[in-house]
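Q:
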Amino acid sequence: MHSFEVNGGKKLCGEITPQGAKNEALQIISAVILTPEKVTITNIPDILDVNLLIELLAEMKVKIDRPRMDVCIFQADDVDIDYLHSETFRKKSGRLRGSVMLAGPMLARFRKAFIPKPGGDKIGRRRLDTHIVNFERLGASFNYHPEDGFFHLLAPNLKGTFLLMDEPSVTG
């Protein structure tokens, strides 16, 4: 088995060239929330799910400059966290299964996240508990509130740990 070890306390910087695939693009684009600095992403595929995620980020007040269809410059220096608990966010992100990938960066930076029951394609059984169990192992608390249709995640003290997922997951 291969492992990927992250040692905290060090600034990350550098470049990565995404393959232009939907699932990879969704992961990389979601990560722009981690920093208030400008992040340039190239080779972005022009497909519905990716464009919907970019639209969600814009509505969260992430600044987006798109000089070309395959290039975006993001700056998440004034994220509207309250938008994440709005009916508009619930409806829009509920159409995109990949919206669950926003939860990790939101927890890491803002110590809280709200995610609706994910939508997206209906290919087979797609578990969400894999995410929840691993967020809890990192120190987050999780509750589903049926009255507003959101999963509420709070993480005042995230701590790194070894995670072994019990199933393959593109969004995990």
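Take the sequence shown: its position 122, counting from 1, is numbered 276 in my numbering, and each next residue is one higher.
C-beta: ideal position from N, C-alpha, C; glycine also.
Measure how close the beta-carbons of residue 227 and residue 194 come, nearest whole angstrom, since I'm counting them as under 8 angstroms.
A: 5 angstroms
Q: At what residues does the alpha helix (DSSP H) containing residue 285 begin and finish?
A: Unbroken alpha helix (DSSP H) run through residue 285: 283-291.
Q: Using only the alpha-carbon positions, how far apart do residue 191 and residue 303 sit?
A: 32 angstroms
Q: In the DSSP assignment, find the unbroken alpha helix (DSSP H) run with residue 243 in it and report its ends.
A: 241-247
Q: Inspect the CB distances between the stretch 217-237 and the stretch 194-206 and report whether three or more fall short of 8 angstroms.
A: yes
Q: Can you find the residues in the same chain that come closer than 8 angstroms, C-beta to C-beta, to residue 294, ignoring five residues on each side of it along the sequence?
A: Taken in chain order, the residues that qualify are 261, 307, 308, 309, 312.
Q: Near residue 277, which residues of its chain fall below 8 angstroms by C-beta distance, leaving aside the five closest residues on each side in sequence?
A: Bear in mind that a pLDDT of 43 at residue 277, under 50, signals an unreliable position, so the number given afterwards is only what the model happens to contain. Taking residue 277 as the centre and dropping the five residues before and after it, the same chain places no C-beta closer than 8 angstroms to its C-beta.
Q: What's the gap between the Cα of residue 207 and the Cα of residue 285?
A: Each residue's alpha carbon lies about 19 angstroms from the other.
Q: Is the beta carbon of residue 239 less than 8 angstroms from the beta carbon of residue 264?
A: Against a cut-off of 8 angstroms, the Cβ pair of residue 264 and residue 239 comes out as no contact.
Q: Counting along the chain, where does the beta strand (DSSP E) carrying residue 227 start and finish?
A: Per DSSP, residue 227 belongs to the beta strand (DSSP E) from 225-229.
Q: Mind listing, in chain order, the continuous alpha helix (DSSP H) runs of no fewer than 4 residues lying wholly within the stretch 159-217?
A: 176-184, 202-213
Q: What do you reckon, are the CB atoms on residue 204 and residue 246 nearer than 8 angstroms?
A: No, the Cβ-Cβ distance between residue 204 and residue 246 is not below 8 angstroms.
Q: Cβ of residue 211 within 8 angstroms of Cβ of residue 201?
A: no
Q: Looking only at its chain, what residues have a beta carbon closer than 8 angstroms to the beta carbon of residue 164, apart from the 5 residues adjacent to it on each side?
A: The answer is none, since no qualifying residue turns up.
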